[in-house]
Amino acid sequence: MSATHPELIGTVATAERGPSLRAMEIATAVLLMAAGGIAMADSVRVGMGWGADGPLSGTFPFWLGVILVLASLGNLVSALRMRAKPGSFATLGQLRLVATVLAPTAAYVALIPFGGIYVTSAVLIAFFMIRFGEFRWRSAVPAGLAASLLAFMTFEQWFLVPLPKGPVETFLGF
Amino acid sequence: MLEDLAALGSGFAVALQPQNIALMVAGIVLGVLIGVLPGLGGANGIAILLPLTFALPPVSAIILLSCIYWGALFGGAITSVLFNIPGEPWSVATTFDGYPMAQQGKAGEALTAAFTSSFVGALVAVVMITFLAPLVAEFALKFGPPEFFAVMFLSFACFVGLSRGSPFKAVAAMMFGFILAGVGMDGVTGQMRMTFGSIELMRGIDFLVVVIGLFGLSEILVSIEEGLRFKGQRAVITLKTVLRTWAELPRHWWLFIRSSVIGCWMGITPAGATPASFMSYGVARRMSKDPNGFGKGKVEGVVAPETAAHAAGTSALLPMLSLGVPGSPTAAVLLGGLIMWGLQPGPMLFVEQKDFVWGLIASMYLGNVVGLVIVLACVPWFAAILRVPFSIIAAVILMVCAIGAYTVNSSEFDIVLMLVFGVIGYVMKKLDYPLAPLVLALVLGDRTEEAFRQSLLLSEGSMGVFFSNWLVGGIMTAGLAVLFYPLIGRVLRALSPRAAAA
Chain R
93 MSATHPELIG TVATAERGPS LRAMEIATAV LLMAAGGIAM ADSVRVGMGW GADGPLSGTF
153 PFWLGVILVL ASLGNLVSAL RMRAKPGSFA TLGQLRLVAT VLAPTAAYVA LIPFGGIYVT
213 SAVLIAFFMI RFGEFRWRSA VPAGLAASLL AFMTFEQWFL VPLPKGPVET FLGF
Chain A
3 MLEDLAALGS GFAVALQPQN IALMVAGIVL GVLIGVLPGL GGANGIAILL PLTFALPPVS
63 AIILLSCIYW GALFGGAITS VLFNIPGEPW SVATTFDGYP MAQQGKAGEA LTAAFTSSFV
123 GALVAVVMIT FLAPLVAEFA LKFGPPEFFA VMFLSFACFV GLSRGSPFKA VAAMMFGFIL
183 AGVGMDGVTG QMRMTFGSIE LMRGIDFLVV VIGLFGLSEI LVSIEEGLRF KGQRAVITLK
243 TVLRTWAELP RHWWLFIRSS VIGCWMGITP AGATPASFMS YGVARRMSKD PNGFGKGKVE
303 GVVAPETAAH AAGTSALLPM LSLGVPGSPT AAVLLGGLIM WGLQPGPMLF VEQKDFVWGL
363 IASMYLGNVV GLVIVLACVP WFAAILRVPF SIIAAVILMV CAIGAYTVNS SEFDIVLMLV
423 FGVIGYVMKK LDYPLAPLVL ALVLGDRTEE AFRQSLLLSE GSMGVFFSNW LVGGIMTAGL
483 AVLFYPLIGR VLRALSPRAA AA
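In order, the protein sequence lines correspond to chains R and A.
Quick note, my numbering runs 92 ahead of the 1-based positions in the first sequence.
Quick note, my numbering runs 2 ahead of the 1-based positions in the second sequence.
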């Protein structure tokens, strides 16, 4: 499923455009450095070093933070030394594909607290089938409902594990 | 030794209970399914099912979950051979020769060879566990906190020193895992660490949720990006194919032995099944009389990686059982299960939980026999799953991941966390950050810190405690040597041409 448009073939640079690997490496290294920095700062807050009754809470995480910062520094340096363009992290077409999956997934996760997990799952499955599988809604909607019902029977009835429920389940008396 | 055999006998009595046999079959079938489906693998499949096993006695639960592991190991081969899609990372090397064999119409032979090799590799590893694990555990009974810290240090050093990728990335991933493990309440002092006032974070970050995100959701994202089209070869395995392939396989006995040894070694040191399969494939090609035939459908090219991968996957349970230090992400999830079921992992397990340990070991023998029969008989059905459109599979897997993340603590926040770690995992995979050290650090973080603190308490704050006797000093020195192995190697290489010139 290459996203290369016919009119762009031949201009390799355009066809493979996307965030560069170098930029992503740098960004990740910086983010991990920040995570290490946060760990160090918080460890200083709770106290590090030797207390009255042994090592304080922050001691171990503090040194982990130090090592994380140093290792990320190493990654940052090697990313900065990548002078030549060794390719892109992902092409724009690929990123668009990832986004078309990630965005509905994020919406799904965001809606679970309100709609419960069963209704949202049915919608997610039906949406995926129509959007990516080119199914008609006539087959997609029953399929989504069937999957949800199966999950409901499995978890609520068989394993007795309650999952998040929304207004529809309440209306049905569960 | 005799004592162990008697214990193994009673283990078989436990594993052969009807309920446990049923769980074994269910586990294998589920495991093969998980191995076949993209986005579900041994580690996150087990992570999703773990919260559902509380109702079972621990030994039944571990039999179910470990059989899912064996099933996933078998299942990876099916997609590799028939679809040229490695269902699991450790079956990448199997695609090199397995798929060409299927294209030549020898799919049945390739699959029979793959399953049989998996079985042999696992069997060798289980025999090794049977005899070695009790000895290691007995030896480890002498360990105090400094020695445990040293063992963990050694296994984490292995990730850095023995990995093929950037050592800095391995260290960064590992430290990120350790820091995540530290989030929440400190069990010793009761202080809140890195929670920033968030109530959700006070409970800590559950490794199961992280595993589901890192290995499940991110896998879906990577698969989507590659634009999945399942176009596979068909295979029917007849008894005739099986017997003919089996008649040929004994000729490769030396390959089996060598690949099993590579697998066992790589499984005990936490290098894992994936590098083991690549290494075994590489060695097989280098030592073959016909190295150019590899990659074009040579049965040796299927036997070598599959034997090693299964041997490694199985022997990863040896350090998990005897020391409480898992050798692979999946073993780490199983170890997390032990803790959740209220068992204390470590050498005492062999003393206090004899039934559990030997029941598990016996189930490894039985589970692999059951697994071999099931996969040989049911390949067409399992392969049919990949003919279900990806749009349905992906959506159902997303639902399963969300439910799995929720059931860990009945928390909706965990579903969000799973999503976040899915994206983190996607970026890390694309940038070649290894995920295994992150997961192991997250699982072992608390126990590593505890060992570290107790050691320092013993010595009243002196780091000298980690070199205070030959045992702990030896393990620490080995760890340091492995850790700086890439550096030492570079220095030696830099020196050697000069030495040659002189």
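Here a beta-carbon is modelled for each residue, glycine too, at the ideal position from N, C-alpha and C.
None of the values given here were measured: they were computed from a predicted structure.
- Interface criterion not met: the Cβ of R173 of chain R is under 9 Å from no Cβ in chain A.
- In the DSSP assignment, H312 of chain A falls within the unbroken alpha helix (DSSP H) covering E302 to S317.
- Linking A306 of chain A to L143 of chain A through their CA atoms gives a straight-line distance of about 36 Å.
- Contact annotation for M116 of chain R against chain A: V429, K432 and L433 [CB-CB distance below 8 Å, chain order].
- Under the three-pair Cβ rule at 8 Å, the stretch 280-287 of chain A does not count as touching the stretch 135-155 of chain A.
- In this structure, DSSP gives P59 of chain A a state outside helix and strand, which the three-state scheme calls coil.
- The secondary-structure analysis by DSSP pairs M187 of chain A across a beta bridge with A:M194.
- Under DSSP, W142 of chain R takes part in a beta bridge, and its partners are R:P147.
- Residue-level contact by beta carbon holds for R223 of chain R and chain A, with a gap shorter than 9 Å.
- M401 of chain A places its beta carbon less than 9 Å from that of I217 of chain R.
- In the DSSP assignment, Y210 of chain R falls within the alpha helix (DSSP H) that extends over L184 to G225.
- Cα atoms of L4 of chain A and L18 of chain A: separation of roughly 21 Å, rounded to the nearest angstrom.
- Per DSSP, I36 of chain A is one residue of the alpha helix (DSSP H) stretching across P20 to V38.
- In the structure shown, K298 of chain A falls within a coil segment according to DSSP collapsed to helix, strand and coil.
- At a cut-off of 9 Å between beta-carbon atoms, S112 of chain R makes no contact with chain A.
- Look at S112 of chain R here: in three-state DSSP terms it is strand.
- L337 of chain A and L257 of chain A have their C-alpha atoms some 32 Å from each other.
- When the five nearest sequence neighbours on each side are left out, the beta carbons in the same chain lying within less than 6 Å of the beta carbon of R287 of chain A are those of P293 and F296, in order along the chain.
- Pairing Q456 of chain A with A8 of chain A, the inter-Cα distance amounts to about 37 Å.
- Non-local C-beta neighbours of T271 of chain A in its own chain, meaning closer than 8 Å and more than five positions away in sequence, comprise S157, C160, L164 and G329, ordered along the chain.
- When secondary structure is reduced to three states using DSSP, K171 of chain A falls in the helix class.
- Contacts with chain R at 9 Å (Cβ-Cβ) include F170 of chain A.
- At a C-beta separation below 7 Å, Q186 of chain R has these neighbours in chain A: E227.
- Under a 10 Å Cβ-count criterion, S365 of chain A is classified as buried, with 16 or more other Cβ atoms of the shown protein chains found around its own Cβ.
- Contact residues of the stretch 449-475 of chain A toward chain R are T450, E451, F454, R455, Q456, L458, L459, E462 and G463 (C-beta to C-beta distance below 9 Å).
- Straight-line measurement puts the Cα of L442 of chain A at about 15 Å from the Cα of A152 of chain A.
- DSSP, read as helix, strand or coil, puts S412 of chain A in coil.
- DSSP lists R:S112 as the beta-bridge partner residues of S180 of chain R.
- Rounded to the nearest angstrom, the gap between the Cα atoms of G206 of chain A and V445 of chain A is 12 Å.
- K432 of chain A sits in a helix when the DSSP states are folded into three classes.
- Inclusion of S93 of chain A and A79 of chain A in the CB contact set at 9 Å is warranted, their separation being smaller than that value.
- Residues are counted here when their Cβ sits less than 8 Å from a Cβ of chain R; for the stretch 401-414 of chain A these are M401, A404, I405, Y408, T409, S412 and E414, given in chain order.
- Counting C-beta pairs closer than 8 Å gives three or more between the stretch 69-87 of chain A and the stretch 43-53 of chain A, which meets the contact rule.
- I264 of chain A: member of the alpha helix (DSSP H) spanning W255 to I270, first to last residue.
- Under the three-state reduction of DSSP output, K356 of chain A falls in the helix class.
- Straight across, the Cα-Cα distance linking G123 of chain A with P439 of chain A is about 24 Å.
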